[in-house]
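Working notes for the structure below.
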Amino acid sequence: MSHARRNLSGVMVLGIPLLWIALFMLLPYGIIVTFSFWVKKYPTFVPAFQFGNYVTLFTDPQYVLVLLRTLKISVLVSVASLLLAYPFAYWLVFRCRSAKLRTWLYMAVIAPLWVSYLLRAYVWKTILGTEGVLNSFLKSIGLIDEPSSIFLYNQFAMVVTLTYIFIPFMVMPIYTALEKIPANLTEAAADLGMGPWRSFWTVTLPLSAPGIAAGATLTFCLSFGDFIAPFLVGGPDGNLIANVIATQFGAALNWPLGSALAIVMLVVVLTIVSLSDRMERKGATGGI
Amino acid sequence: MTRKILLGALGALALTTAAPALAEGTLNVLTWEGYADSSFISKFEEESGCKVNATYVGSNDDFAPKLMSGGGVYDLITPSIDTTKLMIDLDFVEPLDTAKISEWNNIYKKFRDLDGIQKDGEYYGMPYVWGAIAFMYRDDAFTTPPTSIADLWNPALKGKVALWDDKSSIYVAARLNGDMDIYNLTDEQIAAAQKKLLEQKPLIRKYWATAGELVDLYKAGEVVISNTWAGYQSGMLKAEGIKVTEFIPKEGAEGWMDSWMVVKGTPNKECAYKFLNMQLSPLGQCGVANINGYSVADPVSAKACMTPEQFTSLHQDDPAYLDSLMVWQPLGDRFEAYTNAWNAVKAQ
């Protein structure tokens with residue numbers, strides 16, 4: 001009786017996640033892979049097995065162009081997030097003396113995650129617009145005479161918005177990684193005559209590398225799949241890969257081509273994830 | 001016991017999710033904002049005993065994916081005349097029994113004759129509202145009013161131009177190139193239009209996607225000239241106190257027309273026809289005209305419920321205006337060439 005029950009609970013514990021993965025991950029991926037070999041034929045598309053969609057993606061320059069642009073934006077967002085998040089997390093962990101203040105500041109970074117993504121992206125429109133907050137501020141301090149239109153509806157606005165939205169995903173892993181570094185390691189480095197810079201470069205930074213890798217992966221992948229920012233704050237040159245996929249499934253009614261694009265995107269993201277995973281593992285074993 | 005509660009909860013869940021589709025006399029309509037506005041729909045619900053649930057689309061591209069992902073949900077849809085044929089060819093809609101639509105013969109003949117709503121001698125769409133894809137400018141930005149599509153290519157307006165994010169941009173650029181047969185463009189003509197749009201790209205502030213977005217762009221002072229759905233966005237801007245003027249450029253304007261279509265296999269046919277009759281009656285025709293500012297398809301109903309001023313300003317008695325519009329046509333298998341060219345422009 002109890003044996004049977006244990007078996008049952010074992011099946012439940014393992015079985016439900018497995019079923020979930022099969023039903024909501026493997027099956028949809030399988031469907032998308034299948035669609036990517038089909039072929040467009042008015043009014044919709046028909047089953048086939050051919051590589052025409054993939055050939056189109058790599059021969060028609062519009063897709064390569066958008067893919068490269070998406071890579072560029074995602075890298076810029078990751079780098080900007082890192083440059084802002086690292087000093088902040090470092091200060092919180094090592095320099096902030098008040099535990100209360102530290103908790104408050106940490107929460108202040110996380111709290112925006114509770115606010116709707118759309119709302120947060122929309123707010124940037126009112127900040128960066130021609131008659132927006134930034135322009136009226138610059139005008140009031142006399143830096144510019146005429147409101148400038150260079151802040152909104154371009155790639156700069158997209159990087160700013162995406163960085164703002166995804167930066168919590170950079171702060172959290174770096175903060176955790178830094179917090180785990182034993183204080184005696186930096187003390188030992190100081191005892192052995194290392195200056196603060198050298199001890200940072202040789203001790204703290206390498207030990208926090210897994211946090212950086214995790215944060216960079218998250219921000220990169222999230223930006224890579226974004227299609228709201230181009231829509232809200234991007235300009236005529238702001239089309240990203242997810243927008244093109246949305247167009248293929250909607251306006252163009254070319255699900256096969258959209259699926260092929262989605263597969264290419266998946267391959268890029270999986271490559272990044274496995275690279276970062278390798279780096280994290282290296283950091284975890286090679287560090288100490 | 002727990003199991004009973006669980007089953008009960010599941011049952012209740014199933015009931016609530018299935019209810020809208022099963023309830024008798026409930027019409028689920030997939031349509032544009034304003035076409036099922038409570039200002040006139042509640043009267044219909046009262047009189048007919050049919051309930052109306054409206055889901056709104058943001059573009060004509062929403063109809064096919066929504067209907068493709070599984071049936072049985074929607075009873076009626078309102079695609080525009082460039083998308084109606086696709087609905088018929090996709091086998092999503094059923095032929096109309098025009099004898100059951102009392103005002104059918106009052107609809108402008110020009111609309112009834114359109115290819116897009118017919119197949120094999122049967123009608124699939126009931127013309128409802130129409131208008132022009134006009135152009136629009138902010139009064140305070142121009143000393144001499146623009147009169148041509150070329151004004152959207154004027155380098156002096158760099159960063160102040162908006163264009164609809166739609167394949168219709170190809171129609172606009174083709175007309176500027178002098179290719180007036182915009183629904184039958186050759187590959188070379190489409191390529192030329194694409195080139196023209198790329199020339200314009202540095203001047204573009206934003207390709208607008210929704211009516212609200214275009215209104216915001218004008219309101220925030222980001223753009224001063226664009227194309228527009230005549231009557232709609234300009235009405236919203238006027239309500240905000242922003243002075244804009246619509247114009248039909250000398251290269252002409254496209255016309256659009258939306259039709260009600262009955263989704264194949266709907267179990268609510270009786271309510272569907274009651275609904276169609278209401279939409280063509282003064283209640284529906286003036287209902288939508290007052291909300292959206294569009295012209296309507298049945299001039300007889302319009303005359304009965306509009307003031308003479310509204311009747312005139314909506315061009316209801318102006319066949320020459322209607323004839324001057326290049327009403328959208330289904331592109332059939334040329335559709336891909338148009339959308340691909342437009343996507344290529346956006347990708348740059």
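Going down the list, the sequences are from chains W and X.
Here our numbering is used: the first residue of the first sequence is 1, the next is one more, and so on.
Here our numbering is used: the first residue of the second sequence is 1, the next is one more, and so on.
Cβ atoms here follow ideal geometry from the backbone N, Cα and C, with glycine treated the same way.
Per-residue burial, residue i [other beta carbons within 10 Å of its own, 16 or more giving buried]
| i | result |
| --- | --- |
| residue 241 of chain W | buried |
| residue 61 of chain W | exposed |
| residue 164 of chain W | buried |
| residue 172 of chain X | buried |
| residue 251 of chain X | buried |
| residue 205 of chain X | buried |
| residue 86 of chain W | buried |
| residue 58 of chain W | exposed |
| residue 69 of chain W | buried |
| residue 160 of chain W | buried |
| residue 24 of chain W | exposed |
| residue 289 of chain W | Nothing in the structure corresponds to residue 289 of chain W, since chain W is present only between 1 and 288. |
7 angstroms Cβ cutoff met for residue i and residue j
| i | j | result |
| --- | --- | --- |
| residue 218 of chain W | residue 169 of chain W | yes |
| residue 330 of chain X | residue 316 of chain X | no |
| residue 194 of chain X | residue 179 of chain X | no |
| residue 121 of chain W | residue 232 of chain W | yes |
| residue 264 of chain X | residue 139 of chain X | no |
| residue 289 of chain X | residue 76 of chain X | no |
| residue 167 of chain W | residue 81 of chain W | yes |
| residue 73 of chain X | residue 124 of chain X | no |
| residue 96 of chain X | residue 268 of chain X | no |
| residue 64 of chain X | residue 52 of chain X | no |
| residue 247 of chain X | residue 142 of chain X | no |
Any chain X beta carbon closer than 7 angstroms to residue i
| i | result |
| --- | --- |
| residue 53 of chain W | no |
| residue 251 of chain W | yes |
| residue 163 of chain W | no |
| residue 23 of chain W | no |
| residue 142 of chain W | no |
| residue 182 of chain W | no |
| residue 10 of chain W | no |
| residue 65 of chain W | yes |
| residue 153 of chain W | yes |
| residue 280 of chain W | no |
| residue 39 of chain W | no |
| residue 130 of chain W | yes |
| residue 62 of chain W | yes |
| residue 43 of chain W | yes |
Secondary structure of residue i, DSSP reduced to three states
| i | result |
| --- | --- |
| residue 26 of chain X | strand |
| residue 32 of chain X | coil |
| residue 197 of chain X | helix |
| residue 84 of chain X | helix |
| residue 133 of chain X | strand |
| residue 49 of chain W | coil |
| residue 147 of chain W | coil |
| residue 351 of chain X | No information on residue 351 of chain X is available, as it lies outside the stretch 1 to 348 that chain X covers here. |
| residue 320 of chain X | helix |
| residue 325 of chain X | coil |
| residue 41 of chain W | strand |
| residue 252 of chain X | coil |
| residue 259 of chain X | strand |
| residue 306 of chain X | coil |
| residue 273 of chain X | helix |
| residue 294 of chain X | coil |
Within-7 angstroms CB hit, residue i to chain W
| i | result |
| --- | --- |
| residue 170 of chain X | no |
| residue 138 of chain X | no |
| residue 65 of chain X | yes |
| residue 334 of chain X | no |
| residue 117 of chain X | no |
| residue 413 of chain X | Absent from the model: residue 413 of chain X. The displayed extent of chain X is 1 to 348, so no value can be given. |
Within-7 angstroms CB hit, residue i to chain A
| i | result |
| --- | --- |
| residue 211 of chain X | Among the chains of the structure shown, chain A does not appear; the protein chains present are W and X. |
Near the ligand FAD: residue i beta-carbon under 6 angstroms from a heavy atom
| i | result |
| --- | --- |
| residue 39 of chain W | Judged by which ligands are present, the structure shown has none, so any question about the ligand FAD falls away. |
Beta-carbon contacts of residue i that lie in its chain and below 7 angstroms, excluding the five residues immediately before and after
| i | result |
| --- | --- |
| residue 280 of chain W | 210, 213, 214 |
| residue 226 of chain W | 162, 240, 242 |
| residue 246 of chain W | 227 |
| residue 196 of chain X | 173, 176, 177 |
Same chain only: Cβ atoms within 8 angstroms of residue i, ignoring 5 sequence neighbours per side
| i | result |
| --- | --- |
| residue 33 of chain W | 259, 263 |
| residue 75 of chain W | 220 |
| residue 31 of chain X | 54, 55, 56, 57, 76, 77, 78 |
Spatial neighbours of residue i in its chain, beta-carbon cut-off 6 angstroms, leaving aside the 5 residues before and after
| i | result |
| --- | --- |
| residue 144 of chain W | 138 |
| residue 98 of chain X | 104, 123 |
| residue 261 of chain W | 245 |
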